[in-house]
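J.:
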Amino acid sequence: MGPTNSSGSDVSADSSAPYGNGPRSAVNSEAAQNPAKVRIHHLQQAKFDGKKFAMLTAYEQYAAEIFDAAGIEVLLVGDSASNNVLGNETSIPVTVDELLPLCRAVARSTKRALVVADLPFGSYQVSAEQAVSTGVRFLKEGLAHAVKIEGGSYYAPTVRAMVQAGIPVMAHIGFTPQSEHALGGYRIQGRGDDAQRVIDDAVALADAGAFCVLMEMVPAETAAAVDAAVRVPTVGIGAGKETTGQVLVWQDMAGLRGGRMAKFVRQYADLRRTLSDAATAYGNDVRSGRFPGPEHSF
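Counting from 0, one number per residue, gives the positions in the sequence shown under numbering that gives the first Met the number 0.
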């Protein structure tokens, strides 16, 4: 008998395929649909069953707590904290030491969601050994359940080394923000003849042991071909609807960030206006003497 889940169900599959991505996972269907805690094999089950899962970024306790309670299956402590929390223009400047406290806050505030942490630029590119060392820090100090790295098939040996060390890895291909200078800015990847490169990247990384492949700014047709080419689940951001999951930066999704939005963003709220209205009302009440009133005083 193979390994079992918490209910004792056999979850073994193709022994050559990491994370049970063989012909069919044997995870208990009811537990897979509503797990007490989302695990990698639940995402794999979604792929097998033709179901979808949602992923959002989170960088602190309140967003993490709210998204977790709302049923978001995966929370990403993204290096996008660099330009959504720390005030940088891009994701490149953020460091491991800056992300680790954010990761801990999210992990401590989450009861159900799978917490994935980005490895920031410069923390894994030097060698597989560096990647393993950084990944270990995010699992031990950041309390993450998995990590994400950017890059194509070149990083397959890195992924293999990390997985062998016990670090679950999500791969990120297509447009990779940490490489924006090398790519010539924010440009769609995988168009035309370049589609095969993206497919080959995904296959190489999945074969190396990545439990999931995230695609950013890739034509929908290319993303669908990638999803068909790999047994592991896929996640899209600006990659059409055929991926297993979708991810957005939460400040974009909830309308907290101002300015022009990318084509792939859908805003589900206008928190920027809500907070602005609240701050304006508070300021006016303080200046006029309406706050604090008798009911707010001891």
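Glycine residues also receive a C-beta, built at the ideal position from the N, C-alpha and C atoms.
Taking only three categories from DSSP, how would you classify T89?
T.: Translated into the one-based positions of the sequence shown, residue 89 becomes position 90. Here T89 sits in coil by DSSP.
J.: Less than 6 Å between C-beta atoms, sequence neighbours within five positions excluded: which residues of the same chain meet that for A130?
T.: For this step, residue 130 is matched to residue 131 along the sequence shown. Answer for A130: Y123, T157 and M161, listed in chain order.
J.: Kindly indicate the opening and closing residues of the beta strand (DSSP E) around G173.
T.: On the sequence shown, position 174 is the one that residue 173 refers to. Note, G173: beta strand (DSSP E), V168 to G173.
J.: Please tell me whether A104 and A143 are closer than 9 Å, where the distance is taken between their beta carbons.
T.: Counted from its first residue, the sequence shown places residue 104 at position 105. Counted from its first residue, the sequence shown places residue 143 at position 144. Taking 9 Å as the Cβ cut-off, A104 and A143 do not qualify as a contacting pair.
J.: In angstroms with no decimal places, state the Cα-to-Cα distance between L85 and Q44.
T.: Position 86 of the sequence shown, counted from the first residue, corresponds to residue 85. Position 45 of the sequence shown, counted from the first residue, corresponds to residue 44. Rounded to whole angstroms, L85 to Q44 spans 36 Å at the Cα level.
J.: Is the Cβ-Cβ distance between V76 and F52 less than 9 Å?
T.: Within the sequence shown, numbered from 1, the residue matching residue 76 stands at position 77. Within the sequence shown, numbered from 1, the residue matching residue 52 stands at position 53. It is not a contact, given that the beta carbons lie outside the stated cut-off.
J.: Would you tell me roughly how many angstroms separate the C-alpha atoms of F290 and A145, rounded to the nearest one?
T.: The residue given as residue 290 occupies position 291 in the sequence shown. The residue given as residue 145 occupies position 146 in the sequence shown. Approximately 46 Å, taken between the alpha carbons.
J.: If we require 4 or more residues per run, which alpha helix (DSSP H) segments fall completely within the region 172 to 221?
T.: DSSP runs (the alpha helix (DSSP H)) wholly in the region 172 to 221: 179 to 182 and 194 to 206.
J.: Can you tell which of A223, Q163, E179 and H180 has its C-alpha closest to the C-alpha of I198?
T.: Sequence index remark: in the sequence shown, residue 198 carries index 199 (1-based). Per the Cα distances, A223.
J.: Measure the C-alpha to C-alpha separation of R259 and R265 and round it to an integer number of angstroms.
T.: Sequence index remark: in the sequence shown, residue 259 carries index 260 (1-based). Sequence index remark: in the sequence shown, residue 265 carries index 266 (1-based). Cα-Cα distance, rounded: 12 Å.
J.: Please classify F120: does DSSP put it in a helix, a strand, or coil?
T.: The residue labelled residue 120 in the question sits at position 121 within the sequence shown. DSSP places F120 in coil when its eight states are reduced to three.
J.: DSSP beta-bridge partners for A45?
T.: Sequence index remark: in the sequence shown, residue 45 carries index 46 (1-based). A45 pairs with nothing; no bridge assigned.
J.: Mind reading off the beta-carbon distance from Q245 to V229? Whole number of angstroms is fine, and I expect it under 8 Å.
T.: Stepping through the sequence shown from its first residue, residue 245 is reached at position 246. Stepping through the sequence shown from its first residue, residue 229 is reached at position 230. No, Q245 and V229 are not in contact; Cβ-Cβ is about 17 Å, not under 8 Å.
J.: In terms of DSSP beta bridges, what is G244 paired with?
T.: What you label residue 244 is simply residue 245 of the sequence shown in a count that begins at 1. Answer is F52 and V234.
J.: What three-state label does DSSP hand L270 in the structure shown?
T.: As a position in the sequence shown, residue 270 is number 271, starting the count at 1. It is helical.
J.: Shortest alpha-carbon distance to E140 belongs to which of A268, G183, I39 and V95?
T.: Numbered from 1 along the sequence shown, position 141 holds the residue referred to as residue 140. Residue V95 is the option with its Cα nearest to E140.
J.: Taking 9 Å as the threshold (C-beta atoms), are I172 and L138 in contact?
T.: Start at 1 with the first residue of the sequence shown, and residue 138 comes out as number 139. Start at 1 with the first residue of the sequence shown, and residue 172 comes out as number 173. Their beta carbons are not under 9 Å apart, which means L138 does not touch I172 by this criterion.
J.: What's the gap between the Cα of S152 and the Cα of L274?
T.: For the purposes of this step, residue 152 is identified with residue 153 of the sequence shown, where counting begins at 1. For the purposes of this step, residue 274 is identified with residue 275 of the sequence shown, where counting begins at 1. Computed Cα separation, rounded: 43 Å.
J.: Find the nearest neighbour of D226 within the set K50, D78 and D276, judged by alpha-carbon distance.
T.: Locating residue 226 in the sequence shown gives position 227, counting from the first residue. It is K50 whose Cα lies nearest to the Cα of D226.
J.: Once the 5 residues before and after D67 are set aside, which same chain residues still bring their CB inside 8 Å of it?
T.: Walking along the sequence shown from the start, residue 67 turns up at place 68. Cβ neighbours of D67 beyond the five flanking positions: L74, S108, T109, K110, R111 and A112.
J.: Any idea what DSSP makes of V115, helix, strand or coil?
T.: Walking along the sequence shown from the start, residue 115 turns up at place 116. Strand.
J.: Cβ of P176 within 9 Å of Cβ of D78?
T.: Locating residue 176 in the sequence shown gives position 177, counting from the first residue. Locating residue 78 in the sequence shown gives position 79, counting from the first residue. Yes; because the gap between Cβ atoms is below 9 Å, this pair is in contact.
J.: Excluding five sequence neighbours on each side, which residues of the same chain lie with their C-beta closer than 8 Å to the C-beta of V135?
T.: Here residue 135 refers to the residue found at position 136 of the sequence shown. Excluding positions up to five away in sequence, the list reads A164 and I166.
J.: Using a 10 Å radius around the Cβ and a threshold of 16 neighbouring Cβ atoms, would you call N82 buried or exposed?
T.: Counting from one through the sequence shown, the residue named residue 82 turns up at place 83. Under this definition N82 is a buried residue.
J.: What residue from D269, A261 and T242 has the CA that sits closest to L255's CA?
T.: Counted from its first residue, the sequence shown places residue 255 at position 256. That would be D269, whose Cα lies nearest to the Cα of L255.
J.: Where does the unbroken alpha helix (DSSP H) through L139 begin, and where does it stop?
T.: Taking the first residue of the sequence shown as 1, we reach residue 139 at position 140. A small fix is needed here, since residue 139 is Lys in this sequence, not Leu. Element bounds for K139: A127 to K139.
J.: For the alpha helix (DSSP H) that contains I65, what are its first and last residues?
T.: In the sequence shown, counting from the first residue as 1, residue 65 sits at position 66. Segment Q60 to A68, the alpha helix (DSSP H) holding I65.
J.: Whose CA, out of P232, Q188, H40 and L101, lies closest to the CA of Y61?
T.: If you number the sequence shown from 1, residue 61 lands on position 62. If we check each option's Cα against that of Y61, L101 comes out closest.
J.: Report the option in L204, I71, M216 and A155 whose CA atom is closest to the CA atom of W249.
T.: Numbered from its first residue, the sequence shown carries residue 249 at position 250. Among L204, I71, M216 and A155, the Cα nearest to that of W249 belongs to I71.
J.: Just how far apart, CA to CA, sit D200 and V217?
T.: As a first step, residue 200 is located in the sequence shown; it is residue number 201 there, counting from the start. As a first step, residue 217 is located in the sequence shown; it is residue number 218 there, counting from the start. Their backbone Cα atoms lie some 13 Å apart in a straight line.
J.: Applying the 10 Å Cβ sphere with the 16-neighbour rule, what's the burial state of S90?
T.: The residue you call residue 90 lines up with position 91 of the sequence shown. So S90 counts as buried.
J.: Based on Cα-Cα distance, which residue from H180, E215 and Y58 lies nearest to I148?
T.: Reading the sequence shown from its first residue, position 149 is the one you call residue 148. The candidate whose alpha carbon is nearest that of I148 is E215.
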